[in-house]
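Read through the structure below, which is laid out as structure tokens, and then see the notes.
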Amino acid sequence: MSEHLATVEWSRGGQAFSDNKYARAHDWRFDGGAVVRGSSAPSSVPVPMSDPAAVDPEEALVAAVSSCHMLFFLGYAAKLGFVVDRYRDDAVGVLGRDERGKMSITAITLRPEAVFSGDTQPDAAALGDLHHRAHEACYIANSVRAAVAVEPR
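Using my numbering, read the sequence shown as starting at 15 and increasing by one per residue.
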């Protein structure tokens, strides 16, 4: 068991608040020192109250699932003797109403593409197995209610 910490910090500054036109931009601070600018999604709260250059929580969830899958994939590939040179995933999350009628991320589709080098290259079956194992092990994907699909390219 482990704990993972994040500090989310927002300040009103001098802006009005009760008119609901306050800025949603805020900072995510992580224990290693990284600071990420966060905001509501412009599709949820219009600009200028949302910061389109910041990461919104929906994007962060999709990135967390993708990152977790990738890290397990790389680990399994290394154990099998495959050399991964590059990995890219154009992951997509869909926000909509779930079966309870609540807004939620209802689906996440990972579209990973890995480039290998070396004498040992995975065939289609080995590649599929790597993604299957990574998906099964990814504790972020195991933590969300949304269906998570993996469509390797």
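Using N, Cα and C, we set each Cβ at its ideal position, and we do this for glycine too.
Keeping to the same chain, check which residues put their C-beta closer than 6 Å to that of residue i; ignore five residues upstream and five downstream.
| i | result |
| --- | --- |
| Arg147 | Tyr90 |
| Cys61 | It should be pointed out that residue 61 corresponds to Val in this sequence rather than to Cys. Nothing meets the Cβ criterion. |
| Val59 | Arg38 |
Give me the Cα-Cα distance between residue i and residue j, rounded to the nearest whole angstrom.
| i | j | result |
| --- | --- | --- |
| Asp33 | Met63 | 12 Å |
| Ala140 | Gly107 | 26 Å |
| Thr134 | Ser157 | 34 Å |
| Glu150 | Phe31 | 44 Å |
| Leu19 | Asp45 | 6 Å |
| Glu17 | Arg43 | 15 Å |
| Met117 | Gly110 | 5 Å |
| Gly115 | Lys35 | 27 Å |
| Ala92 | Gln29 | 52 Å |
| Gly142 | Tyr101 | 15 Å |
| Gly47 | Asp112 | 36 Å |
| Cys152 | Glu73 | 18 Å |
| Ala105 | Ala138 | 21 Å |
Excluding the five sequence neighbours on either side, which residues of its own chain have a C-beta within less than 8 Å of the C-beta of residue i, listed in chain order?
| i | result |
| --- | --- |
| Leu27 | It should be noted that the sequence gives Gly, not Leu, for residue 27. So the qualifying residues of the chain are Ala37. |
| Ala167 | Looking at the sequence itself, residue 167 is Arg, so the reference to Ala does not match. Result list for Arg167: Arg125, Pro126, Glu127, in chain order. |
Out of the options, which has the shortest C-alpha to C-alpha gap to residue i?
| i | options | result |
| --- | --- | --- |
| Val97 | Ser58, Gly115, Leu88 | Leu88 |
| Val50 | Trp24, Ala68, Lys116, Arg167 | Ala68 |
| Thr21 | Asp143, Val61, His145, Gly52 | Gly52 |
| Trp24 | Arg114, His40, Gly115, Ser16 | His40 |
| Asp103 | Val59, Lys93, His145 | His145 |
| Gly132 | Leu94, Ala48, Glu73 | Leu94 |
Measure how close the beta-carbons of residue i and residue j come, nearest whole angstrom, since I'm counting them as under 8 Å.
| i | j | result |
| --- | --- | --- |
| Ile119 | Leu75 | 6 Å |
| Pro66 | Pro56 | 5 Å |
Spatial neighbours of residue i within its chain, please: C-beta separation below 7 Å, excluding the five flanking residues on both sides.
| i | result |
| --- | --- |
| Ile154 | Ala78, Val79, Cys82 |
| Phe130 | Phe96, Val97, Val98, Asp99, Pro136 |
| Ser54 | Arg38, Ser64, Asp70 |
| Met15 | none |
Touching or not, the stretch 110-125 and the stretch 154-164, by the rule of three or more beta carbon pairs under 8 Å?
yes
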